[in-house]
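Beneath this line is the structure, given in structure tokens, with notes to follow.
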Ligand SMILES: C[S@@+](CC[C@H](N)C(=O)[O-])C[C@H]1O[C@@H](n2cnc3c(N)ncnc32)[C@H](O)[C@@H]1O
């Protein structure tokens, strides 16, 4: 019997909203991204990318969330993590043991579809065909020059429906220039960009297709804006648990009415899920 698409998409949403990252209790560094793990988990289940590439993996905070969703949703996605695993000015320089831990974790849980590429981004480019990558996560060095270089050099490798994620779009410390590049991207593709501000910011862009951006929005339906809020709230709560503070601190004003409407909508459209929802709340 075919599964009701609404039922399956709302199950996927609830599952993602309660996802806390299978790996984040492990002794792997890099928790700045943690607030995006529920969204990342949902994004993979929804877009079902054939090929995913991450530029900048460090302890695997983001990468292993993508991988866990590939497994849980029984997808055929191939995933690649590119990093020198040597660090730089922003991430700090670090020892070989991080790569060894990441490699061990990858081998233990995700070896069938996930490959670590220990080299510079510019060297890894040649390993990928043009128009092949469906999800590119850019989280390397965070200067304006580095992030614009990463986007422009990898752009030809993106498939038409590709989504590009940029971390640190809401990080304004000196030397962090992702926000500047993100402002340009939003200006260039105004209807193809979406953004989270918590957990240092995550830009979500479909640079090659307006249709892909519309399809993405349709997956969340009329409640798109509220569900984005929900991912921010749940994500920042996760951030709080690991960091002891919220990433958005007092700048963030939560509209409780919007959230309640959104949860009611999910519940009313699928009474069978009421029990799960109660548990979650
Ligand atoms: C911010 S960390 C990645 C964080 C990770 N995504 C997470 O979720 O915790 C940035 C990483 O990018 C790597 N990196 C920066 N520039 C690079 C380049 N040009 N080539 C390869 N690796 C690079 C650094 O070694 C560092 O591990």
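Numbering (our numbering), first residue to last: 101 to 381. The beta carbon of each residue, even a glycine, is placed where N, CA and C say it ideally should be. Source: prediction; values computed, not measured.
- If you check the CB distance, residue 225 and residue 266 do not come in under 9 Å.
- Taking non-hydrogen atoms of ligand 1 into account, the C-beta of residue 158 is found less than 8 Å away from one of them.
- About 5 Å separates the beta carbons of residue 217 and residue 182, which is inside the 8 Å limit, making them a contact pair.
- The nearest non-hydrogen atom of ligand 1 is less than 8 Å from the C-beta of residue 131.
- Residue 340 and residue 281 do not touch by the CB rule: their CB atoms are close to 28 Å apart, not below 8 Å.
- Here residue 221 is buried: its Cβ has 16 or more other Cβ atoms, across all protein chains shown, within 10 Å.
- The alpha carbon of residue 119 has as its nearest neighbour, out of 167, 150, 151, the alpha carbon of 167.
- Judged by DSSP in its simplified three-state form, residue 135 adopts helix.
- A distance below 9 Å separates the beta carbons of residue 294 and residue 313.
- Around the CB of residue 197, fewer than 16 other CB atoms lie within 10 Å, so the residue is classed as exposed.
- The C-alpha of residue 270 is placed about 16 Å away from the C-alpha of residue 345.
- Spanning the alpha carbons of residue 292 and residue 186 requires a straight line of approximately 34 Å.
- In the DSSP assignment, residue 177 falls outside any beta strand (DSSP E), carrying neither H nor E.
- Here residue 334 carries a helix assignment [DSSP, helix/strand/coil].
- Per DSSP, residue 223 is not a residue of any beta strand (DSSP E); the alpha helix (DSSP H) it occupies stretches across 221-224.
- The C-alpha of residue 137 lies about 21 Å from the C-alpha of residue 199.
- The beta-carbon distance between residue 161 and residue 335, rounded to whole angstroms, is 12 Å. This is too long to meet the 8 Å contact definition.
- Taking C-beta atoms as the reference points, residue 306 and residue 142 fail to come closer than 9 Å.
- Take the alpha-carbon of residue 112 and the one of residue 333: they are about 18 Å apart.
- Shown here for residue 173: same chain residues with a beta carbon closer than 8 Å to its own, the five before and five after excluded, namely 112, 144, 145, 148 in chain order.
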